[in-house]
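Have a look at the structure below before the remarks.
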Amino acid sequence: MINVALCTDNNYASHCAICVTSILENNKKSDCCVYIITDGLSEENTSRFKQLSNVYAKPIRVIKADISGYEKLPVTNHLGRSMYFRFLLPDIVDGDKVLYLDCDIIVRHSLEELFDVNLDGVACGVVEDQNGDDLRLHNPIMMFSRYFNSGVLLMNLDYWRQYSVAQQLIEWIKIRKTVLMCPDQDALNVVLENRVVFLDYKYNFQQGMYNDKLVWLRADKWPSVIRDRKDPIIVHFTAGEKPWHKDCAHPLLSDYDYYMSLYPFLAEEKTLGHKWYFYLVESVINKLKGCYHWYRRKNGMIVNEV
Numbered sequence: 001m002i003n004v005a006l007c008t009d010n011n012y013a014s015h016c017a018i019c020v021t022s023i024l025e026n027n028k029k030s031d032c033c034v035y036i037i038t039d040g041l042s043e044e045n046t047s048r049f050k051q052l053s054n055v056y057a058k059p060i061r062v063i064k065a066d067i068s069g070y071e072k073l074p075v076t077n078h079l080g081r082s083m084y085f086r087f088l089l090p091d092i093v094d095g096d097k098v099l100y101l102d103c104d105i106i107v108r109h110s111l112e113e114l115f116d117v118n119l120d121g122v123a124c125g126v127v128e129d130q131n132g133d134d135l136r137l138h139n140p141i142m143m144f145s146r147y148f149n150s151g152v153l154l155m156n157l158d159y160w161r162q163y164s165v166a167q168q169l170i171e172w173i174k175i176r177k178t179v180l181m182c183p184d185q186d187a188l189n190v191v192l193e194n195r196v197v198f199l200d201y202k203y204n205f206q207q208g209m210y211n212d213k214l215v216w217l218r219a220d221k222w223p224s225v226i227r228d229r230k231d232p233i234i235v236h237f238t239a240g241e242k243p244w245h246k247d248c249a250h251p252l253l254s255d256y257d258y259y260m261s262l263y264p265f266l267a268e269e270k271t272l273g274h275k276w277y278f279y280l281v282e283s284v285i286n287k288l289k290g291c292y293h294w295y296r297r298k299n300g301m302i303v304n305e306v
């Protein structure tokens, strides 16, 4: 049984449904069960998952999360309470393994091979973050081994239950005195340090990995990224401009649009990713940066081109 879990609220439910469609479309021959963990969905959004379950003849279980104990954990403008729902999966999912996915993801191929990864003695199978060697990720949390992206987690549920991993994560977040940009991801990296196995980049191919410079990953990792770029299995839209935005420029945007087009109840009306003044400010800043770099080059000064 391939267990897959996603966590969402009403704001992301339509995107979540498109991710689920991509999973089921590419795993028709597999025995799958999808869990949707939420703090409550509208009738319209709940209907999307019911219709998908009927179309693919696969169980999709929409489960309302019990968030007692999570109310005081920090949230951000972009990351709501639902980012913590994955911590509940060991108490919700039947079985010893589950694949957790963020909602801004599509699956392009079968998950059979990934789900067969041996997790004996570790908490998760993970993929390194696109900025994995950036010290600005490591220094605030004082963690200096490989930093992973938490958007794809192949979770060993027996391990999580045995070692009360969820409680460890909650306690770590509670004692933090500094503001974290990604509280859940930082907590997972610290608490699970040396307790994970790293997977190929193709299982969480993040948007920054399409950048030929790859400046925040060591050069010895570039060949693996370039290899997996050709045909990633799980694509993660990590930029601010998501595939449901008009200004998304992802190389595989058409794949997302394809899954969205399969059924009328998945249709989304695309909007701009930001307010109009964001684009004005961005344009001005880019012009100023161009002038700045020109001046430094003209005067023989060292320029950081990043």
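Going by UniProt numbering, the first residue of the sequence shown is number 1, and it counts up by one from there.
All residues carry an ideal CB built from backbone N, CA and C; glycine is no exception.
Here the structure is a predicted model, which means the values were calculated and not measured.
Residue range 157 to 162 is occupied by the alpha helix (DSSP H) that includes Y159.
From the listed residues Q130, Q167, Y159, the smallest Cα separation to D212 is found for Q130. Leaving aside the five residues that flank Y12 on each side, the residues in its chain whose CB is nearer than 6 Å to its CB run, in chain order, C103. For V98, the enclosing beta strand (DSSP E) covers residues 97 to 101. Taking C-beta atoms as the reference points, I233 and F205 count as a pair closer than 9 Å. With a cut-off of 8 Å on Cβ pairs, the segment 96 to 113 is not in contact with the segment 136 to 146, counting fewer than three such pairs. Between L262 and Y56, the alpha-carbon positions lie close to 12 Å from each other.
Between the segment 106 to 124 and the segment 226 to 244, the count of Cβ pairs shorter than 8 Å is three or higher; the stretches touch.
Counting only the Cα atoms, I60 lies some 18 Å from F115. Under the three-state reduction of DSSP, V122 is assigned to coil, being neither helix nor strand. Counting along the chain, C19 sits inside the alpha helix (DSSP H) bounded by residues 13 to 25. Residue pairing from DSSP leaves R48 without any beta-bridge partner.
Distances from the CA of K29 to each of L6, T46, N45, M1 were compared; the closest alpha carbon is that of M1.
The segment 216 to 224 makes no contact with the segment 87 to 94; the number of CB pairs closer than 8 Å stays below 3. P264 counts as exposed, since fewer than 16 other beta carbons sit within 10 angstroms of its beta carbon.
When the alpha-carbon of M143 is set against those of R86, E193, L266, the nearest one is in E193.
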